[in-house]
Amino acid sequence: MFKQSPIARTLLHLANLLGIAFLLLPLFAVAIGSIQSERSLQADTRAVFPREVTLDNFLVILSKGEQKGRIFEQVTYLPENIKQFYRALLNSTIIAISVTALTLCFGSMAAYGIARHPTRWTVWLLQANVVARFVPAIALMIPLYVVMRSLGQLNTLTGVIVAETGFLLPYAILILAPYFDSIPRELEEAARIDGCTRLGALVRIVLPLSTPGIAACGVIMFIISWHELLIPLILNARPEFMTLPVVIASLVGDVHVFFNMMMAICLLALLPTVILVVLLQRYVVEGLSAGAVKG
Amino acid sequence: MALDATAPRRAGKRRSPRREISAGAFAALMYLPTLVCLALVLAYPVLYAGYLSLHRVGLGQLRRGEFPFVGLENYARLIEDRLFWLALKNTFLFTGVTVGAEVVLGVAIALLINQTGIWTSRVTRLLILLPYAVPPIANGLIWSFIYSFQFGFLNRMLFSLGLIDAPINWSGNPHGALYAVTVPYIWRTLPFAILLVHAALQGIPRELHEAAAVDGATAWRRFWHITLPLLRPIIAIILILRTSFAFAVFEEILAITQGGPGDATWVAAWYSYKTAFAPPNNFGVGSASAYVLALLIGLLAIVYVRFVYRRVTL
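Chains as they are written, first to last, in this note's numbering: chain A, 1156 to 1450; chain W, -19 to 294.
Below is the structure:
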């Protein structure tokens, strides 16, 4: 429609290149940092690319510190948390999957109630959910810590799962409600005439038709719970209950861990969600915009 | 599309061959698990934080299980604490910079990736969501490597390009540290703004631009008089959502500066965290400061519900 002059096109290409460089800079840095040794990082502090490339950082982490490889030969101390990598990975996975399943289950029930039975109090509940989405995690952490401590639920996976589920449910409802609302009522009504119960109509008719919405909500819930730091950081201090973000946070300020090791563990931690986003980009986009504006 | 509170409740009036619970009871039942979760994990802690903020709560009190009532003493200590005011000031500054940059860059990059005729724009569009996938704490740690004074990636790149002769201390100098932390935060949260603006752009009819172009409007004037006014609702959403989340910034501060150098990057969430979870573990004052933060964000939430949410369709 609008013909752009060659100059305008060149400027647009330049702007894009700048944008792409900014977008990829941290990913580039983490990749470069993770494939070199502490020695090569310190030997030349002005070079971007290392002189020799090594995968020993990953080897140490993935072998629980047993195989030190060449670059860690002389290293005698490794933080306990790095040796616990698989444990943290497992904890992160259990928590993220449980939280995703629970928020999807409770969230779709509540969102269906709101979408299909719009009375004054369900609208009020929807608004309560919007407000609840704003509550900052830090405001909840002190009372949650005190309560979980008195209940003996510190250092359990259950405590973290319950806390994160409650924290994320409002967001899940905000994403799901518009999807349920967009499914024609006539389908359910036909099913109900044929003797389907109310719950049956949800499970057999509405849920199968809203798989895109459920996928969108699910992938966002998984990503947020995989990324969550504050809740597990405060509730779970013992190494065997740490999640990956907590392990990463524990390396901050540890003088025995240099950037190469930090970057390697960061790369391992960000890989699952990056792959997820690359594969399910369409759903992430839909979910993010649905959760922000529709209702 | 929008849920309509005044829609007739046909489902409730249906005659059923079998005995079935009413629509209202069904909806209530469906909502029950959520209500329990919200009460347990959101409502109760928020109220309990208010309770804690009026009592003396340290580790000793936690062990004994008795919290002596101290009235507004915790809030008085906040008001007297210079660090608290510094943290608030830094929070406002941080929020202003990040949200301002996100709106401007969000609109600019959304317009850029909307240029479907430019092949590099299509590449940018493919990559736009990547920062959303990076865990905030990992993002912080990556940027602490980028910013490192001695070994940092940014200094390496600038050396290689011949732009600097001596390393620059990006996050370690008290005047620039707060601004240095805004960049990683903007990097991580920008996809959200771009995404929303880009979605809103798809809803602007081409005819508007074509008609204006026929009348001789330049690209800049078309943007200023057609695109921008139509983007106003989505910009309001981005402003409020991003402001309320930037108020509670935590991970990047923890990973990059830990509040330092000195106290140059203390922000509200960091203040609450340090007060409560670092010795001498004053949970009462920590709750009080978290409450102040929650109230600030709560005001924004009310504005959002009353004036912005659901007034927009994509």
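Idealized CB from N, CA, C, for every residue including glycine.
All of these numbers come straight from a predicted model, not from anything done at the bench.
Taking the straight line between their C-alpha atoms, what separation do you get for residue i and residue j?
{"i": "I1272(A)", "j": "I166(W)", "result": "Here residue 1272(A) is His; the residue named in the question, Ile, does not match the sequence. Near 40 angstroms, if we compare the C-alpha coordinates of I166(W) and H1272(A)."}
{"i": "E231(W)", "j": "G196(W)", "result": "49 angstroms"}
{"i": "I1237(A)", "j": "V1401(A)", "result": "11 angstroms"}
{"i": "V1407(A)", "j": "Y284(W)", "result": "36 angstroms"}
{"i": "Y1241(A)", "j": "G1321(A)", "result": "27 angstroms"}
{"i": "D(-16)(W)", "j": "L1384(A)", "result": "Low confidence applies here, because D(-16)(W) scores a pLDDT of 47, under 50, leaving its location unreliable; read the following figure in that light. Between D(-16)(W) and L1384(A), the C-alpha separation is close to 37 angstroms."}
{"i": "I125(W)", "j": "L134(W)", "result": "The residue asked about is misnamed: residue 125(W) is Phe in this sequence, not Ile. Using only the alpha carbons, I get a separation of about 9 angstroms."}
{"i": "G1174(A)", "j": "Q1436(A)", "result": "19 angstroms"}
{"i": "L275(W)", "j": "I1216(A)", "result": "43 angstroms"}
{"i": "A1256(A)", "j": "A1370(A)", "result": "11 angstroms"}
{"i": "A1198(A)", "j": "L109(W)", "result": "35 angstroms"}
{"i": "L1324(A)", "j": "T1209(A)", "result": "43 angstroms"}
{"i": "T223(W)", "j": "F49(W)", "result": "34 angstroms"}
{"i": "G1373(A)", "j": "A1251(A)", "result": "10 angstroms"}
{"i": "G86(W)", "j": "T96(W)", "result": "17 angstroms"}
{"i": "L208(W)", "j": "R105(W)", "result": "21 angstroms"}
{"i": "Q238(W)", "j": "F131(W)", "result": "19 angstroms"}
{"i": "L143(W)", "j": "L219(W)", "result": "35 angstroms"}
{"i": "F47(W)", "j": "G40(W)", "result": "10 angstroms"}
{"i": "R1353(A)", "j": "L9(W)", "result": "11 angstroms"}
{"i": "Y1232(A)", "j": "H1411(A)", "result": "8 angstroms"}
{"i": "L1390(A)", "j": "D145(W)", "result": "46 angstroms"}
{"i": "G120(W)", "j": "P164(W)", "result": "7 angstroms"}
{"i": "I1457(A)", "j": "L210(W)", "result": "The requested residue 1457(A) is not part of the displayed model; chain A covers only 1156 to 1450."}
Taking Cβ-Cβ distances shorter than 7 angstroms, what residues in chain W pair up with residue i?
{"i": "Y1267(A)", "result": "M10"}
{"i": "H1411(A)", "result": "Those do not exist, as H1411(A) stays about 15 angstroms from chain W at its closest Cβ, beyond 7 angstroms."}
{"i": "L1384(A)", "result": "P116, I117, E231"}
Could you tell me which chain A residues have their CB closer than 9 angstroms to the CB of residue i, listed as they occur along the chain?
{"i": "L280(W)", "result": "F1289"}
{"i": "G45(W)", "result": "S1305"}
{"i": "S151(W)", "result": "Residues of chain A passing the Cβ test: none, with the nearest at roughly 13 angstroms."}
{"i": "L211(W)", "result": "Chain A residues near L211(W): none, gap ~13 angstroms exceeds 9 angstroms."}
Note the first and the last residue of the continuous alpha helix (DSSP H) segment covering residue i.
{"i": "E1235(A)", "result": "1235 to 1238"}
{"i": "P48(W)", "result": "That residue, P48(W), is in no alpha helix (DSSP H); it is neither H nor E in DSSP."}
{"i": "Y24(W)", "result": "24 to 32"}
{"i": "G266(W)", "result": "263 to 283"}
{"i": "Q130(W)", "result": "Counting along the chain, Q130(W) falls outside any alpha helix (DSSP H), and DSSP gives it neither H nor E."}
{"i": "D145(W)", "result": "Run containing D145(W): none; DSSP gives neither H nor E here."}
{"i": "T198(W)", "result": "Unbroken run through T198(W): none, as it is neither H nor E."}
{"i": "G1307(A)", "result": "No alpha helix (DSSP H) holds G1307(A); DSSP gives it neither H nor E."}
{"i": "G86(W)", "result": "62 to 93"}
{"i": "Y1334(A)", "result": "1312 to 1336"}
{"i": "Y1232(A)", "result": "That residue, Y1232(A), is in no alpha helix (DSSP H); it is neither H nor E in DSSP."}
{"i": "P154(W)", "result": "Premise fails: P154(W) is in no alpha helix (DSSP H) and is neither H nor E."}
{"i": "P1427(A)", "result": "1414 to 1434"}
{"i": "W246(W)", "result": "Per DSSP, W246(W) belongs to no alpha helix (DSSP H) and is neither H nor E."}
{"i": "G338(W)", "result": "Here chain W covers residues -19 to 294 and nothing more, so residue 338(W) does not appear."}
Can you pull the chain W neighbours of residue i, defined as C-beta to C-beta under 9 angstroms?
{"i": "A1404(A)", "result": "I117, G120, L121, E231, L234, A235"}
{"i": "G1368(A)", "result": "Simply none; closest approach about 13 angstroms."}
{"i": "M1418(A)", "result": "L121, I122, F125"}
Run through DSSP, which three-state label would residue i get?
{"i": "F125(W)", "result": "helix"}
{"i": "H1168(A)", "result": "helix"}
{"i": "H205(W)", "result": "helix"}
{"i": "H35(W)", "result": "strand"}
{"i": "S1160(A)", "result": "coil"}
{"i": "K1219(A)", "result": "coil"}
{"i": "Q41(W)", "result": "helix"}
{"i": "A(-9)(W)", "result": "Confidence is the limiting factor: at A(-9)(W) the pLDDT is only 48, short of 50, which leaves the residue's position unreliable and the question unanswerable from this model."}
{"i": "M137(W)", "result": "helix"}
{"i": "K174(W)", "result": "Checking the sequence, you will find Ile at residue 174(W) rather than Lys. Three-state DSSP puts I174(W) in a helix."}
{"i": "R286(W)", "result": "helix"}
{"i": "F230(W)", "result": "coil"}
{"i": "M1397(A)", "result": "coil"}
{"i": "E1193(A)", "result": "helix"}
{"i": "S1444(A)", "result": "helix"}
{"i": "R1201(A)", "result": "coil"}
{"i": "V1290(A)", "result": "coil"}
In chain A, what lies closer than 7 angstroms to residue i by C-beta?
{"i": "A270(W)", "result": "I1293, A1294, I1297"}
{"i": "T100(W)", "result": "H1168, N1171, L1172"}
Could you tell me which chain W residues have their CB closer than 8 angstroms to the CB of residue i, listed as they occur along the chain?
{"i": "F1261(A)", "result": "P13, T14, C17"}
{"i": "L1321(A)", "result": "In the sequence as displayed, the identity of residue 1321(A) is Gly instead of Leu. C17, L18, L20, V21, L22, listed in chain order."}
For a contact meaning CB atoms closer than 8 angstroms, what does residue i contact in chain A?
{"i": "I126(W)", "result": "L1180, P1181, A1184"}
{"i": "E0(W)", "result": "T1352, R1353"}
- Query: Does the region 1226 to 1246 of chain A come close enough to the region 1360 to 1370 of chain A to have 3 or more Cβ pairs within less than 8 angstroms?
  - Reply: Counting Cβ pairs under 8 angstroms, fewer than three are found: no touch.
- Task: Count the C-beta pairs between the region 220 to 228 of chain W and the region 190 to 205 of chain W that are closer than 8 angstroms, then say yes if the count reaches three, no if not.
- Result: With a cut-off of 8 angstroms, the region 190 to 205 of chain W and the region 220 to 228 of chain W do not count as touching, because too few Cβ pairs lie within range.
- Is the region 1281 to 1292 of chain A touching the region 1324 to 1338 of chain A, taking contact as three or more C-beta pairs under 8 angstroms? Contact holds between the region 1281 to 1292 of chain A and the region 1324 to 1338 of chain A, because three or more Cβ pairs, one in each stretch, are under 8 angstroms apart.
- Message: Within 8 angstroms, do at least three Cβ pairs link the region 163 to 179 of chain W to the region 187 to 195 of chain W?
- Response: Contact between the region 187 to 195 of chain W and the region 163 to 179 of chain W is absent, because fewer than three Cβ pairs lie under 8 angstroms.
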